[in-house]
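Novice: The listed protein sequences correspond, in order, to chains A and B. Residue numbering for the first sequence follows the working numbering, starting at 14 and increasing by one per position. Residue numbering for the second sequence follows the working numbering, starting at 83 and increasing by one per position. A virtual CB, placed ideally from N, CA and C, is assigned to each residue, including glycine. Just so it is clear, the structure is predicted and the values come from calculations on it, not from any experiment. I'd like to ask some things about the structure below.
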Amino acid sequence: DAKTTQPTSMDCAEGRAANLPCNHSTISGNEYVYWYRQIHSQGPQYIIHGLKNNETNEMASLIITEDRKSSTLILPHATLRDTAVYYCIVRVWSVDNFNKFYFGSGTKLNVKP
Amino acid sequence: SQTIHQWPATLVQPVGSPLSLECTVEGTSNPNLYWYRQAAGRGLQLLFYSVGIGQISSEVPQNLSASRPQDRQFILSSKKLLLSDSGFYLCAWSRSGYEQYFGPGTRLTVT
């Protein structure tokens, strides 16, 4: 079962920052937060991940609260091509030391001109 | 660089017919491999994962099975398809402990 909750949908104006929230109140100390996005009819694309420090790469920034119970993905300058479903995922370690990802329903981000 | 392939891209099969979906990875060795299913308008459901040849773990009981006959080949099968097996099937790979990379997917419609 997914360990995260996200809003069903969000709108964002083109060129503005898109801030996508995620709650993961039951996260354990060694579990990472990952973000993926899925453009219609394609496989999900990896965006970014973090444990407790804020992270930034060429695609986005990830802000994780100090208590690690929530995080925010920031797309600094959204474009129409960023319209997609964004998934926030907690990576879970199984008893056989295998990392598994449980996807929730995600947030549909609509970037509008 | 690593590449993941899935085929076929689309498939229409009648109820009760068999199924075989194939996934192959290039450019890496001993990857962790995954099969997911996505129903229309829903998130991804983890079906199977594998840490090596012949090693398969199932997440949920169902009408499907998986096999890994070679290091970089992962196959999803069914002996008799059900209507509820329709969906978008995604294969993914990762190095242990790192992010997963997804293939282009197979859209299966069971009629």
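Just to confirm, are residue 48 of chain A and residue 99 of chain A a CB contact at a threshold of 8 angstroms?
Specialist: yes
Novice: Looking only at its chain, what residues have a beta carbon closer than 7 angstroms to the beta carbon of residue 97 of chain A, apart from the 5 residues adjacent to it on each side?
Specialist: 50, 51, 52, 122
Novice: Buried or exposed: which applies to residue 180 of chain B, given that a residue is buried once 16 or more other Cβ atoms fall within 10 Å of its Cβ?
Specialist: exposed
Novice: Check whether the Cβ of residue 156 of chain B lies closer than 8 angstroms to any Cβ atom in chain A.
Specialist: no
Novice: Taking beta-carbon pairs under 9 angstroms, can you tell me which members of the stretch 163-181 of chain B lie near chain A?
Specialist: 170, 172, 173, 174, 176, 178, 179, 180, 181
Novice: Check whether the stretch 89-104 of chain B and the stretch 119-134 of chain B touch, using three or more Cβ-Cβ pairs below 8 angstroms as the test.
Specialist: no
Novice: Run through chain B and tell me which residues come within less than 7 angstroms of residue 113 of chain A, C-beta to C-beta.
Specialist: 128, 131
Novice: Looking at chain B, is there any beta carbon in it that lies within less than 8 angstroms of the beta carbon of residue 42 of chain A?
Specialist: No, because no Cβ of chain B sits closer than 8 angstroms to the Cβ of residue 42 of chain A.
Novice: Taking just the CA atoms, how far does residue 188 of chain B sit from residue 89 of chain B?
Specialist: 7 angstroms
Novice: Figure out for me which residue from B/168, B/170, B/116, B/161 has the closest Cα to the Cα of residue 140 of chain B.
Specialist: B/116
Novice: Taking C-alpha atoms, which residue in A/101, A/55, A/120 lies nearest to residue 185 of chain B?
Specialist: Comparing alpha carbon positions, the residue from A/101, A/55, A/120 closest to residue 185 of chain B is A/55.
Novice: Below 6 angstroms CB to CB, which residues in the same chain sit around residue 132 of chain B once its five sequence neighbours on both sides are set aside?
Specialist: Same-chain partners within the cutoff: 115, 138, 150.
Novice: Counting only beta-carbon separations shorter than 8 angstroms, does residue 113 of chain B have a partner in chain A?
Specialist: no
Novice: Give every residue of the same chain whose Cβ lies closer than 6 angstroms to the Cβ of residue 155 of chain B, excluding the five residues on either side of it in the sequence, and list them in chain order.
Specialist: 106
Novice: For a cutoff of 8 angstroms on Cβ pairs, would you count residue 119 of chain A as touching chain B?
Specialist: So yes, residue 119 of chain A belongs to the interface.
Novice: Taking residue 103 of chain A and residue 62 of chain A to be in contact with their CB atoms under 8 angstroms, please state how far apart those CB atoms are, rounded to whole angstroms.
Specialist: In fact, because the Cβ distance is near 10 angstroms, the residues do not count as touching under 8 angstroms.
Novice: Would you report the Cα separation of residue 137 of chain A and residue 126 of chain A, rounded to the nearest angstrom?
Specialist: Here chain A comprises residues numbered 14 to 126, so residue 137 of chain A is not present and cannot be evaluated.
Novice: So, using beta-carbon positions, are residue 160 of chain B and residue 146 of chain B closer together than 8 angstroms?
Specialist: yes
Novice: Is the Cβ-Cβ distance between residue 59 of chain A and residue 171 of chain B less than 8 angstroms?
Specialist: It is not a contact, given that the beta carbons lie outside the stated cut-off.
Novice: Starting from the beta carbon of residue 98 of chain B, find every residue of chain A whose beta carbon is closer than 7 angstroms, and list them in chain order.
Specialist: Here the premise fails: no neighbours, minimum Cβ distance about 27 angstroms.
Novice: Residue 72 of chain A bridges to which residues according to DSSP?
Specialist: None, per the DSSP bridge assignment.
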